[in-house]
Amino acid sequence: MLNPKCPNVDLHRVGQKTNRHSIRAAELVSLVKRQLDNNLDEYCSPIGQCGSYGAPFKVTSAAYGYTVVRKGTTSGLWHEVSQEADINHILQSIQGSAVPVFLGPIDLAQIYFLHGAGEIRHMLLMSGGGGRRTSAM
Numbered sequence: 304m305l306n307p308k309c310p311n312v313d314l315h316r317v318g319q320k321t322n323r324h325s326i327r328a329a330e331l332v333s334l335v336k337r338q339l340d341n342n343l344d345e346y347c348s349p350i351g352q353c354g355s356y357g358a359p360f361k362v363t364s365a366a367y368g369y370t371v372v373r374k375g376t377t378s379g380l381w382h383e384v385s386q387e388a389d390i391n392h393i394l395q396s397i398q399g400s401a402v403p404v405f406l407g408p409i410d411l412a413q414i415y416f417l418h419g420a421g422e423i424r425h426m427l428l429m430s431g432g433g434g435r436r437t438s439a440m
C-alpha cells in the first residue's frame, strides 16, 4: 500500500487513482539499474561515511520517484557484501517493520569512483525514506 504522506506519492501512482504501487520491486531494481547504466550521477549521491565494506548511496527512480538506499562496494569486497542478500532473505518476514526491505543486487556497467571507498562496481538496494524528487538531485 502507498503511504499517502509520502512526498512522491503522486509519482508512485503514475497519474492513477490507486493506493497500490504501480510497479513491483524487481521492476524497480531493473529500472534503477538501467538508469545508473546511463548516468551514475543523476539522481544518485553518496550519503554518510564509508564503512569497512562499502558506502551508502541514495538514488531516486526518475520515472516513479521512489528513493532507495544503496550499499555500494568494490569487486574485492563483493563476496562478503553479497552475503547480506542471503541474510535479508532470512529476515524477510520482518522487512518493512524492523529492518529495511531488501530489493535486490545491482552490478554496475560503469565504475563509480568514490574517494575513501574506491571503485564501486556492485550495489545492494534497500528501501529507505527520502525527500521530494527535486531535493534528491
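Going by the numbering used here, the final residue of the sequence shown carries number 440, and the count climbs one at a time with no gaps.
Heads up, the beta-carbon is just placed ideally off N, CA and C, and yes, glycines get one too.
As the structure is a prediction and not an experimental result, all values here were calculated from the model.
Tell me the DSSP secondary structure of residue i in three-state form.
{"i": "R373", "result": "strand"}
{"i": "A420", "result": "coil"}
{"i": "G434", "result": "With a pLDDT of only 41 at G434, under the threshold of 50, the placement of this residue in the model should not be trusted, and no figure is reported."}
{"i": "L314", "result": "helix"}
{"i": "L305", "result": "coil"}
For the candidate residues the options, whose alpha-carbon lies nearest to that of residue i?
{"i": "Q386", "options": "K320, V372, Q319, L427", "result": "L427"}
{"i": "L339", "options": "S325, F360, Q319, G354", "result": "F360"}
{"i": "E383", "options": "S364, G399, G357", "result": "G357"}
Contact defined as beta carbons within less than 8 Å: I believe residue i pairs with residue j. What is the distance between those atoms, to the nearest angstrom?
{"i": "T377", "j": "I423", "result": "7 Å"}
{"i": "L394", "j": "V402", "result": "5 Å"}
{"i": "G368", "j": "N306", "result": "G368 to N306, Cβ: 12 Å. No contact."}
{"i": "V335", "j": "V372", "result": "Not confirmed; about 12 Å, so no contact."}
Give me the Cα-Cα distance between residue i and residue j, rounded to the nearest whole angstrom.
{"i": "S348", "j": "L331", "result": "18 Å"}
{"i": "D389", "j": "K374", "result": "15 Å"}
{"i": "H425", "j": "T321", "result": "34 Å"}
{"i": "A365", "j": "N391", "result": "26 Å"}
{"i": "G351", "j": "G419", "result": "12 Å"}
Write down every uninterrupted run of the alpha helix (DSSP H) in the segment 334-408 whose length is 4 residues or greater and which is fully enclosed by it, in chain order. 381-393
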